[in-house]
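Student: In the numbering used here, the protein residues as written are 518 to 879.
(1) What first and last residue would you give for the beta strand (DSSP E) that runs through residue 664?
(2) With a threshold of 7 Å on Cβ separation, who are the neighbours of residue 861 within its own chain once the five nearest residues in sequence on each side are excluded?
(3) Quick one: grab the DSSP three-state call for residue 756.
(4) Flag this pair as yes or no: are the beta carbons of residue 751 and residue 723 separated by less than 9 Å?
(5) Put residue 603 into one of helix, strand or coil per three-state DSSP.
(6) Return the chain-ordered list of same chain residues with a C-beta closer than 7 Å to the C-beta of residue 654, the five sequence neighbours on each side being excluded.
(7) For the ligand SAM, is there any heavy atom lying closer than 8 Å to the beta carbon of residue 604?
(8) Could you please give the first and the last residue of the uninterrupted alpha helix (DSSP H) stretch that includes residue 859?
(9) How should residue 767 be labelled, buried or exposed, when 16 other C-beta atoms within 10 angstroms of its C-beta is the threshold for buried?
(10) Quick one: is residue 704 buried, meaning 16 or more other Cβ sit within 10 Å of its Cβ, or exposed?
(11) At what residue ranges does the region 535–599 contain a whole run of the beta strand (DSSP E), taking only runs of 3 or more?
(12) Answer with buried or exposed for residue 579, where buried requires no fewer than 16 other C-beta atoms within 10 angstroms of its C-beta.
(13) Closest by CA to residue 770, which one among 759, 778, 670 and 870?
(14) Does residue 764 pass the burial test, meaning 16 or more other C-beta atoms within 10 Å, or should it be called exposed?
(15) Do the CB positions of residue 805 and residue 836 come within less than 9 Å of each other?
(16) Considering only their Cβ atoms, is the gap separating residue 814 from residue 663 smaller than 9 Å?
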């Protein structure tokens, strides 16, 4: 009951902010609030068309909730799981109606972030896809539809970026140097600041799952340093400390103590362009792999999702447009140089090789 009360209070506060900004009238606010029913009774859900589940990233818990929904609701009720990394097929593995199960990945903060990533499995019906898409559009979201898989599209390419930022930190770069270099490259925030916002514990949880296993198979070795930070309760902003220290008043500052997890206090003056290429191109190459594997259906969708969901430098047009602007052959040369220096994790996507050799553009 406390959770329901907090939810209604949050919705009311969000609507009130819109009223104060004159983006919504008080009458409209009151009408919308009157349409919301908060309940803990399963019977109140019997007639719903769509259930959106948003519990913690735990497959077993999500399966349990799905089983309860299938028991309570109509046989054609769509079950949408709001997950950022868990394969939807795993969640639907024991479902009576797997065709009714779909992923709806919202981005935080949900009221402000414009993107909705819808995830379909091989069994998801066209009806479920249409209903989820229409709901997203009615919510004012820009919708992309991607195929199921570890991390889907957005979490997968973001994880490639943050993983490489951690590697650069281990190479001796400072936290400020890494974040400032990537902001200079065009990101609104640096990757380590972003990890603090997402939650280092969340990042560690994702790394332990299917996505981490997939990366490991490609030579992207699992890194236990992020898990060690999580074990030390260094979660980021929500715990007051992560890569930065967040005082109750005043601006954040670098958490110098964290360097003991990354080779010690002594930091090196690494070349900024190399750092930008190492971190940025890891994300670009991962996006290319997603298109190559059919996770994302088009370069246009991949560009849009990277910009709206992850803050990929907007002036580039997105990772695929970036390759076009730089030239596929030039990007391939940079990837080959990174592979020669850092190993197989920088092996260029076959799609990039094809576009470079045949002078093609996305």
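Here a beta-carbon is modelled for each residue, glycine too, at the ideal position from N, C-alpha and C.
Tutor: According to the structure data:
(1) Taking the chain shown and counting its residues from 1, one reaches residue 664 at position 147. Taken as a continuous stretch (DSSP letters only), the beta strand (DSSP E) holding residue 664 covers 659–664.
(2) Numbered from 1 along the chain shown, position 344 holds the residue referred to as residue 861. Closer than 7 Å at the Cβ level, and outside the excluded window around residue 861, lie 736.
(3) Taking the chain shown and counting its residues from 1, one reaches residue 756 at position 239. Three-state DSSP puts residue 756 in a helix.
(4) Position 234 of the chain shown, counting from 1, holds the residue named residue 751. Position 206 of the chain shown, counting from 1, holds the residue named residue 723. No, they are not a contact pair.
(5) Residue 603 sits at position 86 when you count from the first residue of the chain shown. Residue 603: coil per DSSP, three-state reduction.
(6) Taking the first residue of the chain shown as position 1, residue 654 is located at position 137. Residues 660 of the same chain have their beta carbon placed closer than 7 Å to that of residue 654, with the five preceding and five following residues left out of the count.
(7) The ligand SAM is absent from the structure shown, which contains no ligands of any kind.
(8) Taking the chain shown and counting its residues from 1, the one referred to as residue 859 is at position 342. Where residue 859 is concerned, the enclosing alpha helix (DSSP H) stretches over 845–859.
(9) For the purposes of this step, residue 767 is taken as residue 250 along the chain shown, with counting starting at 1. It counts as exposed.
(10) For the purposes of this step, residue 704 is taken as residue 187 along the chain shown, with counting starting at 1. Classification for residue 704: buried.
(11) Qualifying beta strand (DSSP E) stretches, in chain order: 567–570 and 595–598.
(12) Position 62 of the chain shown holds residue 579. Buried, because 16 or more other Cβ atoms sit within 10 Å of the Cβ of residue 579.
(13) Locating residue 770 in the chain shown gives position 253, counting from the first residue. Checking every option, the nearest Cα to that of residue 770 belongs to 759.
(14) Numbered from 1 along the chain shown, position 247 holds the residue referred to as residue 764. Taking a 10 Å sphere around the C-beta of residue 764, we find fewer than 16 other C-beta atoms and assign the residue as exposed.
(15) Reading the chain shown from its first residue, position 288 is the one you call residue 805. Reading the chain shown from its first residue, position 319 is the one you call residue 836. Closer than 9 Å, so yes.
(16) Taking the first residue of the chain shown as position 1, residue 663 is located at position 146. Taking the first residue of the chain shown as position 1, residue 814 is located at position 297. Result yes, Cβ atoms of residue 663 and residue 814 sit closer than 9 Å.
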